[in-house]
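Structure, as structure tokens:
Residue numbers (the numbering used here): 83 to 322.
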């Protein structure tokens with residue numbers, strides 16, 4: 083009788099512990115589910131906010147372009163009957179081209195840089211760092227294009243101006259604060275016969291090819307480089 087009583091107590095304790103364990107597990111699963119649901123809700127809200135912000139930016143930029151076109155039309159109309167204003171309008175147009183505030187078209191070359199697609203060679207692992215196109219690689223190619231007489235340059239349709247920053251941002255680079263990734267298409271307007279010299283013996287493009295970077299250079303009679311769409315702001319430089 084005592085043995086039966088002991089067995090009943092043991093079984094009762096086991097059932098209690100089992101019930102407690104099941105209860106804890108169910109509660110944990112519910113908490114995980116709640117946490118996951120909460121995370122998904124936050125992600126959805128953030129995604130909606132980003133889409134709304136982008137939509138506002140696109141609308142504002144569209145309005146800005148419309149106003150700029152109207153302003154240009156007004157300037158042209160005013161200058162058509164006034165030689166002084168006509169000369170002033172030409173100076174503004176030329177200045178916008180130099181500053182990068184106007185879309186330009188002309189002959190030149192297109193340089194395309196892409197990461198090394200073969201990270202292994204002869205069963206030896208290459209240095210992953212050397213197999214990627216970095217911000218400094220792009221900067222040096224741009225400097226060579228400027229030295230060759232490039233009048234306008236863009237990287238993946240981001241216009242290069244005097245205040246353009248090119249910097250590393252993880253596995254991509256930032257140009258004018260905008261993230262761009264490989265392949266990097268660098269367009270340069272200028273005399274093609276001069277610009278093509280960037281692909282010369284001992285030049286930086288040859289060094290990139292030695293690292294396994296894919297380099298393509300082609301001439302073009304019709305290159306379009308978009309205008310700079312950011313804000314140019316000088317806080318410290320003053321005219322006298």
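Using N, Cα and C, we set each Cβ at its ideal position, and we do this for glycine too.
The structure presented is a predicted model; accordingly, all values stated were derived computationally and were not measured.
- Message: Buried or exposed, going by whether 16 or more other CB atoms sit within 10 Å of the CB of residue 129?
- Response: Within the chain shown, numbered from 1, the residue matching residue 129 stands at position 47. Classification of residue 129: exposed, given that the 10 Å Cβ count is below 16.
- Item | Rounded separation between residue 214 and residue 198 - CA only | For this step, residue 214 is matched to residue 132 along the chain shown. For this step, residue 198 is matched to residue 116 along the chain shown. Roughly 6 angstroms between the two C-alpha positions.
- Item | residue 287, enclosing alpha helix (DSSP H) - first and last residue | As a working mapping, residue 287 is identified with position 205 in the chain shown. Run containing residue 287: 286 to 292, per the alpha helix (DSSP H) assignment.
- Query: For the alpha helix (DSSP H) that residue 225 lies in, which residues bound it at each end?
  - Reply: Translated into the one-based positions of the chain shown, residue 225 becomes position 143. Per DSSP, residue 225 belongs to the alpha helix (DSSP H) from 217 to 229.
- Out of curiosity, what's the CA-to-CA distance linking residue 178 and residue 242? Against the chain shown, residue 178 aligns to sequence position 96. Against the chain shown, residue 242 aligns to sequence position 160. Using only the alpha carbons, I get a separation of about 13 angstroms.
- Task: Keeping to the same chain, check which residues put their C-beta closer than 6 angstroms to that of residue 250; ignore five residues upstream and five downstream.
- Result: Reading the chain shown from its first residue, position 168 is the one you call residue 250. Excluding sequence neighbours, residue 250 sits near 217.
- Task: Using only alpha-carbon positions, find the residue among 320, 271, 233 and 257 that is nearest to residue 301.
- Result: Along the chain shown, one-based indexing puts residue 301 at 219. Minimum Cα distance to residue 301 is reached at 271.
- With a 10 Å radius around its C-beta and 16 neighbouring C-beta atoms as the bar for buried, classify residue 321 as buried or exposed. Position 239 of the chain shown, counted from the start, is the residue given in the question as residue 321. That one is exposed.
- Query: Going by other Cβ atoms of all chains shown within 10 Å of its Cβ, with 16 needed for buried, is residue 266 buried or exposed?
  - Reply: Counting from one through the chain shown, the residue named residue 266 turns up at place 184. So residue 266 ends up on the buried side.
- Three-state secondary structure assigned by DSSP to residue 195: Here the question's residue 195 lines up with position 113 in the chain shown. Correct three-state label for residue 195: strand.
- Task: Would you kindly work out how many angstroms separate the C-alpha atoms of residue 308 and residue 254, rounded to a whole number?
- Result: Along the chain shown, read from residue 1 onward, the residue named residue 308 stands at position 226. Along the chain shown, read from residue 1 onward, the residue named residue 254 stands at position 172. In a straight line, the C-alpha of residue 308 is about 21 angstroms away from that of residue 254.
- Closest to residue 313 by CA distance: which of 245, 252, 194 and 175 is it? Counting from one through the chain shown, the residue named residue 313 turns up at place 231. Nearest of 245, 252, 194 and 175 to residue 313, Cα basis: 245.
- Message: Are the CB atoms of residue 212 and residue 294 within a distance shorter than 9 angstroms?
- Response: Taking the chain shown and counting its residues from 1, the one referred to as residue 294 is at position 212. Taking the chain shown and counting its residues from 1, the one referred to as residue 212 is at position 130. Cβ distance < 9 angstroms, so residue 294 and residue 212 count as in contact.
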